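All remarks here apply to the structure that follows.
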Amino acid sequence: MAQNTPQSAELAQLLQTGPFHLALRSALTERGLALTRVQHKLAQRGITIGVTSLSYWQQGARRPQRPESLRAVRALEEVLELPAHSLHRLLVPEGAARPDAERPAARTYRSLVAPAAALQQLFAELETPADGGLHTVGHHERVAIGPGRQLLTRESLQVVRAHRDGVDRYVAIHRGESGCETDRVRVRAAENCRLGRVRGHAETGVVVAELLFDARLRAGDTHVFGYVFEDGSGGPSSEYLRGFSFAGGQYVLQVRFDDAALPVRCRRFAQTSAGAPRSGQQDLTLSGRHRAVHLVEQGVRPGILGIAWDWG
291 MAQNTPQSAE
301 LAQLLQTGPF
311 HLALRSALTE
321 RGLALTRVQH
331 KLAQRGITIG
341 VTSLSYWQQG
351 ARRPQRPESL
361 RAVRALEEVL
371 ELPAHSLHRL
381 LVPEGAARPD
391 AERPAARTYR
401 SLVAPAAALQ
411 QLFAELETPA
421 DGGLHTVGHH
431 ERVAIGPGRQ
441 LLTRESLQVV
451 RAHRDGVDRY
461 VAIHRGESGC
471 ETDRVRVRAA
481 ENCRLGRVRG
491 HAETGVVVAE
501 LLFDARLRAG
511 DTHVFGYVFE
521 DGSGGPSSEY
531 LRGFSFAGGQ
541 YVLQVRFDDA
551 ALPVRCRRFA
561 QTSAGAPRSG
571 QQDLTLSGRH
581 RAVHLVEQGV
591 RPGILGIAWD
601 WG
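Quick look at the structure:
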């Protein structure tokens, strides 16, 4: 039976998000086991596998797919003292084989964003696939609500990991409040990226922006970048939420209010999809000095997280 040996933050993250070969490589490095030693320990458990195959698995040159290979992966979890199913689930999540995937299990944008048709139209204009080849491993977001109760700005510092080679951009999504004038929304590239094309959908208040990196990422590479949406054109705001296509990573959301417009109640919430009932609701206390509330989610699940507030 696999042991729950303490893991580094990097290994724990990779076991949540993948890809498989990087999680395996990190576990081998952390345990300090040579492939010949791993092969010997597997043989003791009745699993015969070559060192070359193990090497290919950790390089990402090959991927375990056959039943005997998947049995070897389960035995590897024991040898490397990893939680049961932690490697196996990166290959076969919830019992469904996905031999061609190198990314964590995903939820479609259609299930997370209410104006899905508008978003698909904007992505088509940018010739951007729904899966841009990146998943988030850390995101700190700050939202400012103005004196007129309107959403003024949202600043993001984001850490992403590529799950395929050649990724050189990220498409950020903003949805303004009712009455948002998309042509007045401004996007700024704050650090480690450049602003590319920006497109808006006036009827729904959705804006998408390309953020271009200076280098192409390889599968497994991480990138840290920041950006800002400046709005203020919509009506009163009563909530801020974010949809997550991929599992894993930490999310921090801070909402700050102007002294001239303070809510009477704030609460965090979660949803499995747009339109689904809200769960995990918890009251948040507005800080006296900074007029802000926040939430921290250590291991994000596919779905929606947000903060809602009531005006007096």
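Sequential numbering of the sequence shown, starting at 291, is according to our numbering. Beta carbons: idealized from backbone N, C-alpha and C, even for Gly. Here the structure is a predicted model, which means the values were calculated and not measured.
| query | result |
| --- | --- |
| Suppose you measure from the CA of residue 425 to the CA of residue 457; what does that come to, to the nearest Å? | 11 Å |
| Assuming residue 574 contacts residue 594 under a Cβ cut-off of 8 Å, what Cβ separation, rounded to an integer in Å, is found between them? | Their Cβ separation, rounded to whole angstroms, is 17 Å, which puts residue 574 and residue 594 out of contact at 8 Å. |
| Just to check my reading of the structure: residue 538 and residue 498 have Cβ atoms closer than 8 Å, yes? What is that Cβ distance to the nearest angstrom? | In fact, because the Cβ distance is near 23 Å, the residues do not count as touching under 8 Å. |
| According to DSSP, which residues form a beta bridge with residue 596? | 531, 559 |
| Per the contact definition of three or more C-beta pairs closer than 8 Å, is the stretch 506 to 522 in contact with the stretch 564 to 583? | no |
| Roughly how many angstroms separate the alpha carbons of residue 327 and residue 310, rounded to a whole number? | 20 Å |
| Measure from the alpha carbon of residue 337 to the alpha carbon of each residue in 368, 427, 313, then state which is nearest. | 368 |
| Apply the 10 Å Cβ neighbour rule to residue 329 and answer buried if 16 or more other Cβ atoms are within range, or exposed otherwise. | buried |
| Can you grab the Cα-Cα spacing for the pair residue 267 / residue 380, in whole Å? | Residue 267 lies beyond the range of the chain shown here (291 to 602); nothing can be said about it. |
| For the stretch 465 to 472 against the stretch 570 to 589, do three or more pairs of beta-carbon atoms, one drawn from each stretch, fall closer than 8 Å, so that the two count as touching? | no |
| Would you list the one or two residues that DSSP bridges to residue 369? | According to DSSP, residue 369 bridges with nothing at all. |
| Check whether the Cβ atoms of residue 518 and residue 478 sit closer than 8 Å, and answer yes or no. | yes |
| Give me whichever residues DSSP pairs with residue 445 in a beta bridge. | 432, 518 |
| Please name the residue, chosen from 316, 527, 373, that lies closest to residue 347 on a Cα-to-Cα basis. | 316 |
| Counting Cβ pairs closer than 8 Å, one from the stretch 519 to 529 and one from the stretch 441 to 449, do we hit at least three? | yes |
| Using 8 Å as the threshold, is the C-beta distance between residue 545 and residue 433 below it? | yes |
| Who are the near neighbours of residue 352 in its chain, counting only those whose CB is closer than 8 Å to its CB and skipping five residues on each side? | 343, 346 |
| In this structure, what does DSSP give as the bridge partners for residue 452? | 424 |
| Provide the residue span of the beta strand (DSSP E) that contains residue 497, from first to last. | 496 to 507 |
| To the nearest angstrom, report how far apart residue 601 and residue 459 are at their CA atoms. | 38 Å |
| Flag residue 511 as yes when its Cβ comes closer than 7 Å to any non-hydrogen atom of the ligand PLP, and as no otherwise. | Among the ligands in the structure shown, none appear at all, so the ligand PLP cannot be discussed. |
| Pull up the distance between the alpha-carbon of residue 411 and that of residue 405, whole angstroms please. | 10 Å |
| Check for me: the alpha helix (DSSP H) holding residue 328 runs from which residue to which? | 325 to 334 |
| CB-CB under 6 Å to residue 234, same chain, minus the five flanking residues each way: which ones, in chain order? | In the structure as shown, the chain starts at 291 and stops at 602, and residue 234 therefore has no counterpart that could be examined. |
| Where does residue 357 sit, in a helix, a strand or coil, going by DSSP? | helix |
| Quick one: measure Cβ to Cβ for residue 496 and residue 408, integer angstroms, because I've assumed they're closer than 8 Å. | 5 Å |
| For a quick check, are the C-beta atoms of residue 313 and residue 323 less than 8 Å apart? | no |
| Looking only at its chain, what residues have a beta carbon closer than 8 Å to the beta carbon of residue 603, apart from the 5 residues adjacent to it on each side? | In the structure as shown, the chain starts at 291 and stops at 602, and residue 603 therefore has no counterpart that could be examined. |
| How far does the beta strand (DSSP E) with residue 491 in it extend, from its first residue to its last? | 484 to 491 |
| Could you pull out every residue in the same chain whose Cβ sits closer than 8 Å to the Cβ of residue 582, ignoring the five residues on either side in sequence? | 544, 545, 546, 547, 576 |
| Sort out for me which residues DSSP pairs residue 415 with in a bridge. | Beta-bridge pairing links residue 415 to no other residue. |
| Whole angstroms is fine: what's the gap from residue 550's alpha carbon to residue 599's? | 15 Å |
| Give me the residue from 482, 483, 490 with the minimum Cα distance to residue 476. | 490 |
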